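Structure below.
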């Protein structure tokens, strides 16, 4: 949800956060441990994944492990408050880590608010998922094992994509969400969410519920891995507690990785072991049959 993480970060905060690198709490454990895969990969940049008649041409970078067998895949979604710029480059370290662990990764951008309001961004993600399935064979993707992964606004979209069904989507098998604004009905001030949804909560309360992952959990939802800073002032930890409670009520497997002392920006820039733990989670969910 933040727009200028590198400019907003004070160096003093950075050094404090580095000192907290090992301070984390991991709650829950989905599935049995699977030996990690290690592999080289190639990168294909600026692939247009939208059809020619789409309202806006949108791109993604494809990371392909060097392997013979079809691999599980991850759709990676960047932060940015659903507005502003294409922040794929800031997600590249996560993409490289995933690809090095044997995942095909499609690191995409999507349409931005306020020009394009919800559900435009979710429709874009479904197009990206469709592209991955249509081009699965040529890109070494196992289309039966696709996960979504995002941070902040990207986490919100990753969660919605995993929870909402679509006519031509075979379903997401796992979700990883960091700093997820999972309950938009909690937002009482500011213009960011209103710009994204097309109005304030008092005017369109139903849309705030429909666009909140916490209200979209069903008994058929996929397993979820959540990571979050305990000192997040932009997306308070209560978002994750509510999301976890909704998952628990429906009996959905989930894990939470708390980053102690981190805020919203520092949890992204200094995630400690959160990404490794998230990929271990994906291994247990998506590679359990390997």
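Numbering (my numbering), first residue to last: 29 to 318.
Quick reminder that beta carbons are idealized off the backbone N, C-alpha and C, glycines included.
Only a predicted model underlies this, so the values are computations on that prediction, with no experimental measurement involved.
Validate contact between the segment 139–150 and the segment 159–173 using beta carbons, cut 8 angstroms, 3 pairs:
At 8 angstroms Cβ cutoff, the stretches do not touch.
Would you mind reading off the limits of the alpha helix (DSSP H) that contains residue 238?
233–238
Touch test, the segment 66–77 against the segment 120–128, Cβ-Cβ under 8 angstroms, three pairs minimum:
yes
Applying the 10 Å Cβ sphere with the 16-neighbour rule, what's the burial state of residue 143?
exposed
Any idea what DSSP makes of residue 100, helix, strand or coil?
strand
Beta carbon of residue 107 nearer than 8 angstroms to that of residue 132
no
Local Cβ density within 10 Å of residue 117, reported as buried at 16 or more and exposed below that:
The residue in question, residue 117, is exposed, as its Cβ has fewer than 16 Cβ neighbours within 10 Å.
For residue 255, which residues of its own chain have a beta-carbon under 6 angstroms away from its beta-carbon, when the five flanking residues on both sides are left out?
206, 285, 302
Residue 87: which of 57, 99, 271, 159 sits nearest, CA to CA?
159
Among 243, 121, 155, which one has its Cα closest to the Cα of residue 80?
Closest option to residue 80, Cα to Cα, is 155.
Helix, strand or coil at residue 206 according to DSSP, with G and I counted as helix
In the three-state scheme derived from DSSP, where H, G and I count as helix and E and B as strand, residue 206 is classed as strand.
Thinking just about the alpha-carbon of each residue, which of 222, 227, 204 is nearest to the one in residue 304?
204
Inspect the beta-carbon positions of residue 310 and residue 245 and report whether they are closer than 8 angstroms.
no
Go to residue 275, then tell me how far its beta strand (DSSP E) extends in each direction, as first and last residue.
First-last for residue 275: 266–277, but that is the alpha helix (DSSP H), not the beta strand (DSSP E).
Here's a check: name, in chain order, each residue in its chain whose Cβ is nearer than 6 angstroms to the Cβ of residue 164, leaving out the five neighbours to either side.
Excluding sequence neighbours, residue 164 sits near 171.
Between the segment 289–296 and the segment 226–239, do three or more beta carbon pairs fall short of 8 angstroms?
Cβ pair count under 8 angstroms is below three, so no.
Whose C-alpha, out of 295, 294, 252, is nearest the C-alpha of residue 55?
252
Note the first and the last residue of the continuous alpha helix (DSSP H) segment covering residue 144.
Unbroken run through residue 144: none, as it is neither H nor E.
Would you please state the rounded distance, in angstroms, between the beta carbons of residue 138 and residue 296? I believe it to be under 8 angstroms.
With a Cβ gap of about 18 angstroms, residue 138 and residue 296 do not count as contacting.
Quick test of your reading: residue 74 and residue 135, contact by CB under 8 angstroms. State the CB separation rounded to the nearest angstrom.
About 11 angstroms separates the two Cβ atoms, so there is no contact after all.
Can you tell me the Cβ-Cβ gap for residue 111 and residue 141, rounded? I've got them flagged as a contact below 8 angstroms.
5 angstroms
Cut-off 6 angstroms between Cβ atoms - residues of its own chain near residue 299, not counting five sequence neighbours on either side:
none
Would you list the one or two residues that DSSP bridges to residue 177?
104, 204
Check the C-beta distance from residue 250 over to residue 202 and give it rounded, since I have them as a contact under 8 angstroms.
5 angstroms
Between the Cα of residue 247 and those of 225, 222, 274, spot the shortest distance and give me the residue it belongs to.
Among 225, 222, 274, the Cα nearest to that of residue 247 is on 274.
Start and end residues, alpha helix (DSSP H) containing residue 294
292–297
How about residue 223 and residue 267: do their beta carbons lie closer than 8 angstroms?
Taking 8 angstroms as the Cβ cut-off, residue 223 and residue 267 do not qualify as a contacting pair.
Inside the segment 54–136 only - beta strand (DSSP E) runs reaching at least 3 residues:
69–76, 87–93, 99–105, 132–136
Residue from 316, 276, 262, 312 whose Cα sits closest to the Cα of residue 217
262
Should residue 85 be labelled buried (16 or more other beta-carbon atoms within 10 Å of its own) or exposed?
exposed
Helix, strand or coil for residue 221? Go by DSSP, reduced to three states.
helix
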